[in-house]
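S.K.: My questions will all concern the structure given below.
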Amino acid sequence: MATRFLRRSLPMLRQARRYAEAVSSAPQMSFTFASPTQVFFNAASVKQVDVPTLTGAFGILPAHVPTLQVLRPGVVTVFSDDGTAAKFFGEISYPFVPGDLHKRVKKKKKKKKKKKKKKKKKKKKKKKKKKKKKLLLHNPLDCFPVSLMILRSPKEKRVFFY
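Each residue of the sequence shown is one higher than the one before, starting from 1 at the first, in UniProt numbering.
Below you can see the structure in the form of structure tokens.
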């Protein structure tokens, strides 16, 4: 009878509740926040950052999932380790084409017109040049965002704003 009792109670003993170990210290997040003219935080230790994005507002914590978002106009709130909150207003950024690009395209158009007057080219070459011209106007490397993208590296536990 005792062996029967032990056989039945053994699975219950294996399912005993065990508690998790206590966390030794709170995770740290190194934070860098800068504008083109001024650095507000440089590798500062912060508790949380609240950010308005095009998809909605969210808070970045030390163990946050890596993300890349575009900011919308609104207030970015940075909570430091001592509990103080610093607020910054940010505007949305749009890609723009630098002024030099328009000058380069106009010069190339003039050169092409002169070449067409001197020699007649084949239809295939004309099609290729049109494609190149379109690629030049819509090249993503010539357009760049003014600022404000969020990037977090999980290994370094840092948050960067560009």
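Note that beta-carbon positions come from the ideal geometry of N, C-alpha and C, so glycine has one too.
Quick caveat, the model's predicted, so the values are computed rather than measured.
If you run the structure through DSSP and keep just helix, strand and coil, what is K125?
M.R.: Three-state DSSP puts K125 in a helix.
S.K.: Determine whether the beta carbon atoms of A46 and V78 lie at a separation below 9 Å.
M.R.: Checking the displayed sequence, the identity of residue 46 turns out to be Val instead of Ala. Yes, the pair counts as a contact, with Cβ atoms nearer than the cut-off.
S.K.: Got a sec, what are the start and stop residues for the beta strand (DSSP E) K87 sits in?
M.R.: Segment 85 to 90, the beta strand (DSSP E) holding K87.
S.K.: Leaving aside the five residues before and after L54 along the sequence, list all residues of the same chain whose C-beta is less than 6 Å from its C-beta, in chain order.
M.R.: Within the same chain, L54 has close Cβ partners V70, R72.
S.K.: Near F31, which residues of its chain fall below 6 Å by C-beta distance, leaving aside the five closest residues on each side in sequence?
M.R.: Closer than 6 Å at Cβ, skipping near neighbours: F41, A44, V46, V159.
S.K.: To the nearest angstrom, how far is it from the Cα of F89 to the Cα of V75?
M.R.: Answer to the nearest angstrom: the Cα atoms are 4 Å apart.
S.K.: On a CA-only basis, which of S35, P62, K87, D82 is nearest P52? Give me that one, please.
M.R.: With distances taken between Cα atoms, P52 lies closest to K87.
S.K.: What residues are listed by DSSP as bridge partners for F40?
M.R.: Answer by DSSP bridge pairing: none, since F40 is not bridged.
S.K.: CA-CA distance, H58 and M29?
M.R.: Per the sequence shown, the amino acid found at residue 58 is Phe instead of His. Taking the straight line from one Cα to the other gives about 16 Å.
S.K.: On a Cα-Cα basis, can you pick out the residue from S80, K122, R4 that is closest to F33?
M.R.: Nearest of S80, K122, R4 to F33, Cα basis: S80.
S.K.: Would you tell me roughly how many angstroms separate the C-alpha atoms of T84 and G56, rounded to the nearest one?
M.R.: Going by the C-alpha atoms only, they are around 24 Å apart.
S.K.: What did DSSP end up calling T55 once you bin it into helix, strand or coil?
M.R.: If DSSP states are grouped into helix, strand and coil, T55 belongs with coil.
S.K.: DSSP has Q48 in a bridge; who is on the other side?
M.R.: Q48 pairs with F79.
S.K.: Please state whether DSSP places T67 in a helix, a strand or coil.
M.R.: Coil at T67, not helix or strand.
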